[in-house]
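Reading through the structure tokens given below for one structure.
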Amino acid sequence: MASTSVPPPESYDDSLESSSNSSSSNAGKGSWKHAAFHVATTIATPAAYAPLPFAVASLGWPLGVSSLVGATLTTCSSLLIASLWKWDGNKHTTYRHLARSIYGNWGYWSIAFFQQVASLGNNIAIQIAAGSSLKAVYKYYHKDGSLTLQHFVVFFGIFELVLSQLPNIHSLRWLNGVCTLSTIGFAGTTIGVTIYNGKNIDRGSISYGLNGSSTSKMFKAFNGLGVIAFSFGDAMLPEIQSTVKEPVKRSMYKGIAAAYTIILLSYWQLAFFGYWAFGSDVQPFILGSLRTPEWTVIMANIFAVIQISGCFQIYCRPTYAYFEEKMTPSKQTNRMPRKDHVVRFLFTSMYMGLITLVAAAMPFFGDFVSICGAIGFTPLDFVFPVLAHLKAGKMPKNFNPIVILNIVIATWFSAVAIMGCIGAVKFIVEDIKTYKFFYDIIVSESLDPSPELMDDENHVRVSLANKHGFKRQG
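Residue numbers (full-length UniProt numbering): 1 to 474.
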């Protein structure tokens, strides 16, 4: 049995500081703008934008809108986490060590588990999305090309392996600056093309009803809640905060405010315009519903790949950091010895090989998004911040309205996590029955099931491909 002892709270990023070390030489170097780049890159990925109209369609207008409003509470949750910086006089530069300082070993290992689920699930989902976008660009120029989705998943994995050799989050700041611009480009392009397509569709043919049996509707709703949780997920805030120079809290608050301004404005527009344009037939990856003009759809796919390249890197860093804590004790020096670079390359190669294998073998984008949001992001973004503030004594001890509200939030989102997990597992089981491993399917193409198959009894099974926006190639 593995030891349950918790390693000392070491730094995670370029500051190379322990949680109790406050020397200026080891301080973070980033500005609030860099923090905004990192936060926007971790949250506002195309894989987070793209499923929002589908999530609203799975829930219907009333519940979909209210769920989006509720999910914007991540803004407050992020501020709560940022405010716990040095809450006990020590710096806590990873989410794991922050949890340990409040809840002890139990908190450390719980957060480590949820963060790894979020990181691994997120990277599998966005690698599927990146491979699909790359293939869409390829097919635009080579209509009869023979390369499959799996080829592009592997190509993207190799590129991420190269980026994985960069030492820390701070070294990604300029890449993430470009990714933030790509986020704006993707959102603007996709929203514009969605409106254009919506205006050119016979509006009388658009349905906003929830299809299928009562059981089917319930599982779709559960799945939709998990998707929304994924779209607003940010499991990396303490790690990002550790890259920021003094005054850390003030800079982080400004960075969070700037990032969420971009995120919320674009999220809401794409979610509502996407559902308005395509109704209940909207694809989980919104680009799969867009048809014309083709060049703008391709441009959106290019923006998607650029943005995902940065997001992937931030989410693989908790795994890399934990490994380095265990395997490279020389991490506490400012220069990593050559042998440690070799060890890092071998480990990152193993990590990328695993992620790439799963993404290529099971390219079920919608399922990974939902289960990752339910099990990974919901506890980290909606439950732990509230409970941590209560435990750390940062809220009134009596049951005043603020405390009651936060307890309600934590309870509700705990239920969301359970429901989202149930919905995701249901669809994963159905997908495994429907598809073989390594199917050449792509989220930018859709499958239109025959009307006679769309009865209530078989609705879930025959609409699985439509749920994912998938079509078998060849």
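C-beta atoms are modelled at their ideal positions from N, C-alpha and C, and glycine is treated no differently. Here the structure is a predicted model, which means the values were calculated and not measured.
Proximity test, Gly204 beta-carbon vs the ligand PLP heavy atom, cut-off 7 Å: The ligand content of the structure shown is nil, which means the ligand PLP is not present either.
Cut-off 8 Å between Cβ atoms - residues of its own chain near Phe186, not counting five sequence neighbours on either side: Numbered from 1 along the sequence shown, position 186 holds the residue referred to as residue 186. The answer, listed in chain order, is Pro46, Tyr49, Ala300, Phe303, Ala304 and Gln307.
Alpha-carbon spacing of Ile111 relative to Lys433, whole angstroms: Walking along the sequence shown from the start, residue 111 turns up at place 111. Walking along the sequence shown from the start, residue 433 turns up at place 433. Taking the straight line from one Cα to the other gives about 33 Å.
For Asp202 and Cys440, the rounded distance between their alpha carbons: Residue 440 sits at position 440 when you count from the first residue of the sequence shown. Residue 202 sits at position 202 when you count from the first residue of the sequence shown. For clarity, residue 440 is Asp in the given sequence; the question names Cys instead. Near 32 Å, if we compare the C-alpha coordinates of Asp202 and Asp440.
Leu270 classed as buried or exposed, judged by whether at least 16 other C-beta atoms fall within 10 angstroms: Position 270 of the sequence shown holds residue 270. So Leu270 counts as buried.
CB contact flag (Gln127, Phe312, <8 Å): Reading the sequence shown from its first residue, position 127 is the one you call residue 127. Reading the sequence shown from its first residue, position 312 is the one you call residue 312. Annotated as proximal: Gln127 and Phe312, with beta-carbon spacing under 8 Å.
Every unbroken alpha helix (DSSP H) within the region 143-187, with a cutoff of 4 residues, ordered by chain: 149-163
Beta-carbon proximity list for Ile206, same chain, < 6 Å, skipping 5 on both sides: Taking the sequence shown and counting its residues from 1, one reaches residue 206 at position 206. Excluding residues within five positions, the ones whose Cβ falls inside 6 Å are Gly279.
The region 151-163 / the region 356-370 touching (three or more Cβ pairs under 8 Å): yes
Given Tyr140 as reference, the closest of Ala44, Ile418, Gly60 and Arg291 once Cα atoms are compared: Position 140 of the sequence shown, counted from the first residue, corresponds to residue 140. Comparing Cα positions, the closest option is Arg291.
Meets three-Cβ-pair contact criterion under 8 Å: the region 371-379 and the region 87-107: no
Residues that Gly30 bridges to, as DSSP identifies them: Here residue 30 refers to the residue found at position 30 of the sequence shown. According to DSSP, which records beta bridges pairwise, Gly30 is partnered with Val244.
Contact under 8 Å by Cβ, Ile169 with Ile240: Taking the sequence shown and counting its residues from 1, one reaches residue 169 at position 169. Taking the sequence shown and counting its residues from 1, one reaches residue 240 at position 240. A contact, by the Cβ cut-off of 8 Å.
4 or more residues per run - each alpha helix (DSSP H) lying fully within the region 338-423: Counting whole runs of 4 or more residues, the region 338-423 contains the alpha helix (DSSP H) stretches 338-361, 365-371 and 384-391.
Same chain, Cβ closer than 6 Å to Gly224, five either side skipped, listed in chain order: By one-based count along the sequence shown, residue 224 stands at place 224. Answer for Gly224: Ala55, Ser58 and Leu59, listed in chain order.
Neighbourhood of Ile184 by C-beta, 8 Å cutoff - its chain only, sequence neighbours within 5 removed: Here residue 184 is taken as the residue at index 184 of the sequence shown, counted from 1. Counting only Cβ-Cβ distances below 8 Å, and skipping sequence neighbours, we find Ile262 and Ser266.
C-beta atoms of Leu237 and Ser78 nearer than 8 Å: Position 237 of the sequence shown, counted from the first residue, corresponds to residue 237. Position 78 of the sequence shown, counted from the first residue, corresponds to residue 78. Yes; because the gap between Cβ atoms is below 8 Å, this pair is in contact.
Beta-carbon spacing of Lys391, Tyr108 below 8 Å: Stepping through the sequence shown from its first residue, residue 391 is reached at position 391. Stepping through the sequence shown from its first residue, residue 108 is reached at position 108. Contact: no.
Distance, Thr319 Cα to Phe345 Cα: Translated into positions along the sequence shown, residue 345 becomes position 345. Translated into positions along the sequence shown, residue 319 becomes position 319. Phe345 and Thr319: Cα-Cα distance of roughly 13 Å.
Chain-order list of residues whose beta-carbon lies under 8 Å from that of Phe438 (same chain, five-residue window excluded): Against the sequence shown, residue 438 aligns to sequence position 438. Counting only Cβ-Cβ distances below 8 Å, and skipping sequence neighbours, we find Gln150, Ala360 and Ala361.
Within 8 Å, strictly: CB atoms of Ile314 and Thr41: Within the sequence shown, the letter at position 314 stands for residue 314. Within the sequence shown, the letter at position 41 stands for residue 41. The Cβ-Cβ distance between Ile314 and Thr41 falls below 8 Å.
Sequence-distant residues of the same chain with beta carbon closer than 6 Å to Ala259, five excluded per side: Your numbering for residue 259 matches position 259 in the sequence shown. The residues are Ala36, Val39 and Ala40.
Backbone CA spacing between Tyr253 and Ala118 [nearest angstrom]: To locate residue 253, count along the sequence shown from 1; it is residue 253. To locate residue 118, count along the sequence shown from 1; it is residue 118. Taking the straight line from one Cα to the other gives about 23 Å.
Residue 480, DSSP secondary structure in three states: Because the chain in this structure spans residues 1 to 474, residue 480 falls outside the shown range and cannot be described.
Distance, Ala235 Cα to Pro247 Cα: For the purposes of this step, residue 247 is taken as the residue at position 247 of the sequence shown. For the purposes of this step, residue 235 is taken as the residue at position 235 of the sequence shown. When rounded, the distance between both Cα atoms is 22 Å.
C-beta atoms of Leu161 and Gly310 nearer than 8 Å: Reading the sequence shown from its first residue, position 161 is the one you call residue 161. Reading the sequence shown from its first residue, position 310 is the one you call residue 310. The answer is no: Cβ separation not under 8 Å.
Asp431 - DSSP class collapsed to helix/strand/coil: Within the sequence shown, the letter at position 431 stands for residue 431. Residue state, collapsed to three classes: helix.
Ala277, DSSP secondary structure in three states: In the sequence shown, counting from the first residue as 1, residue 277 sits at position 277. Ala277: helix per DSSP, three-state reduction.
Endpoints, alpha helix (DSSP H) assigned at Leu134: The residue you call residue 134 lines up with position 134 of the sequence shown. Where Leu134 is concerned, the enclosing alpha helix (DSSP H) stretches over Asn105 to Tyr141.
C-beta contact flag for Lys249 and Gly30 at 8 Å: Counting from one through the sequence shown, the residue named residue 249 turns up at place 249. Counting from one through the sequence shown, the residue named residue 30 turns up at place 30. Cβ distance not < 8 Å, so Lys249 and Gly30 don't count as in contact.
Residues near Ser164 by beta carbon distance below 6 Å, same chain, minus five either side: On the sequence shown, position 164 is the one that residue 164 refers to. These residues qualify, in order along the chain: Thr348.
Own chain partners of Ile124 with C-beta closer than 7 Å, once the 5 adjacent residues on each side are dropped: Here residue 124 refers to the residue found at position 124 of the sequence shown. Answer for Ile124: Ile355, Val358, Ala359 and Phe368, listed in chain order.
Cβ distance (whole Å) where Gly233 is taken to contact Ile43 below 8 Å: Stepping through the sequence shown from its first residue, residue 233 is reached at position 233. Stepping through the sequence shown from its first residue, residue 43 is reached at position 43. With a Cβ gap of about 7 Å, Gly233 and Ile43 count as contacting.
Whole-Å CB distance - Val416 paired with Ala221, under 8 Å assumed: Taking the sequence shown and counting its residues from 1, one reaches residue 416 at position 416. Taking the sequence shown and counting its residues from 1, one reaches residue 221 at position 221. So it is not a contact: roughly 11 Å between Cβ atoms.
Best match in Leu387, His341 and Tyr275 for proximity to Leu210 [C-alpha to C-alpha]: Counted from its first residue, the sequence shown places residue 210 at position 210. The candidate whose alpha carbon is nearest that of Leu210 is Tyr275.
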